[in-house]
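The sequence shown begins at 7 in this note's numbering and counts up one residue at a time. Note that beta-carbon positions come from the ideal geometry of N, C-alpha and C, so glycine has one too. Just so it is clear, the structure is predicted and the values come from calculations on it, not from any experiment.
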Amino acid sequence: MRHILHTVCPREVKPCDNIFFFLWGAYVCPVTHKIACRIKHCIIMGRLDGKVIVLSAGAQGIGRAAAIAFAKEGAQVTATDINGEKLKELDGHPGIKTKVVDVTKKDQVEALAKEFDHIDVLFNVAGFVHHGSILDCEEADWDFTMNVNVRSMYLMSRAFLPKMLAKKSGNIINMASVASSIKGVVNRCVYSTSKAAVIGLTKSIAADFLEQGIRCNCVCPGTVDTPSLRGRIQAQPNPEQALKDFMARQKTGRMCTAEEVAHLCVYLASDESAYVTGTEHIIDGGWRL
7 MRHILHTVCP
17 REVKPCDNIF
27 FFLWGAYVCP
37 VTHKIACRIK
47 HCIIMGRLDG
57 KVIVLSAGAQ
67 GIGRAAAIAF
77 AKEGAQVTAT
87 DINGEKLKEL
97 DGHPGIKTKV
107 VDVTKKDQVE
117 ALAKEFDHID
127 VLFNVAGFVH
137 HGSILDCEEA
147 DWDFTMNVNV
157 RSMYLMSRAF
167 LPKMLAKKSG
177 NIINMASVAS
187 SIKGVVNRCV
197 YSTSKAAVIG
207 LTKSIAADFL
217 EQGIRCNCVC
227 PGTVDTPSLR
237 GRIQAQPNPE
247 QALKDFMARQ
257 KTGRMCTAEE
267 VAHLCVYLAS
277 DESAYVTGTE
287 HIIDGGWRL
């Protein structure tokens with residue numbers, strides 16, 4: 007919420023659901039020769055004002071960008087992560103509280119949920135990218151990826167859904183990927199399988215609780231420029247070539263930014279998307295085409 011002192015002509019004032027004007031005084035506009043009002047206070051309401059949001063993987067990348075974007079729009083955000091040091095970097099942001107939580111641990115997730123009387127939006131972001139085909143994927147790789155990418159969302163959704171159902175209103179956003187049931191991607195076997203499961207989980211929750219006022223959608227990015235991606239590139243035998251390979255498949259000539267994904271998430275978290283549920287929201291710069 008912001009307060010400004012400004013003088014305008016009525017021709018410059020446009021209707022907006024999020025803006026409320028408190029008027030004081032009047033004068034004649036020298037351009038239009040019409041009576042104009044002096045705006046004493048212009049209070050701009052955020053798109054997420056008053057909403058309570060909990061998200062995972064808030065220390066960096068999409069989770070961090072979303073936490074900041076949500077808070078800027080007026081939400082009360084609790085950002086969780088297992089990386090306490092990186093998570094502390096969010097402590098100075100207004101509207102954001104941080105908490106170290108391993109969302110693959112049932113006891114930690116349930117303890118987190120008990121801290122909230124109610125919640126408006128749950129954003130499940132935590133994920134892991136395994137590189138390789140099915141022949142490169144050992145059972146331990148499979149189990150670890152499924153635990154982080156799918157089971158964590160199961161645990162978080164199961165813990166927070168009852169609070170949403172109690173007030174017959176709630177919104178769950180899950181982080182999926184274009185590498186899923188949407189598009190087959192080389193060397194993303196277990197990752198794509200896990201993200202296809204996320205899409206299935208999303209649609210299932212949306213269908214099961216539609217009549218109880220719960221919405222559930224998923225976001226499906228293409229290649230997003232995040233610290234996680236940069237780390238995977240640097241871990242390759244030839245990082246320079248790995249980066250070139252990533253860029254070569256970007257039809258727009260660049261990768262998506264975490265902030266662009268966060269903008270989409272703000273829409274899904276807001277009442278602007280009140281009629282949207284059970285859907286995949288693709289943000290990939292046309293990669294799937």
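Per the DSSP secondary-structure output, C226 pairs in a beta bridge with I288. In terms of CA proximity to I220, L128 leads the group L128, G98 and S158.
For Q82, the enclosing beta strand (DSSP E) covers residues Q82 to D87.
Considered as a whole, the stretch 63–143 harbours 82–87, 102–106 and 127–130 as its complete beta strand (DSSP E) runs of no fewer than 3 residues, in chain order.
Between L274 and I289, the CB-CB gap reaches or exceeds 7 Å. Here DSSP, grouped into helix, strand and coil, assigns D231 to strand. Counting along the chain, I178 sits inside the beta strand (DSSP E) bounded by residues G176 to M181. In this structure A264 is in contact with A71, their Cβ atoms being roughly 4 Å apart against a cut-off of 8 Å. Considering only R238, S276 and I179, the residue with the shortest C-alpha distance to H287 is I179. In the structure shown, L61 falls within a strand segment according to DSSP collapsed to helix, strand and coil.
In this structure, T229 lies near F252, with their beta-carbon atoms less than 7 Å apart. Scanning the stretch 151–178 from its first residue to its last, the whole alpha helix (DSSP H) runs of 4-plus residues come out as 158–172. When Cβ pairs closer than 8 Å are counted between the two stretches, the stretch 135–144 is seen not to touch the stretch 96–111, the count staying below three.
Counting only runs of at least 4 residues, the stretch 187–256 fully encloses the following alpha helix (DSSP H) elements, listed from N- to C-terminal order: 195–214, 233–240 and 245–254.
Beta-bridge annotation (DSSP): T258 is not paired with any residue.
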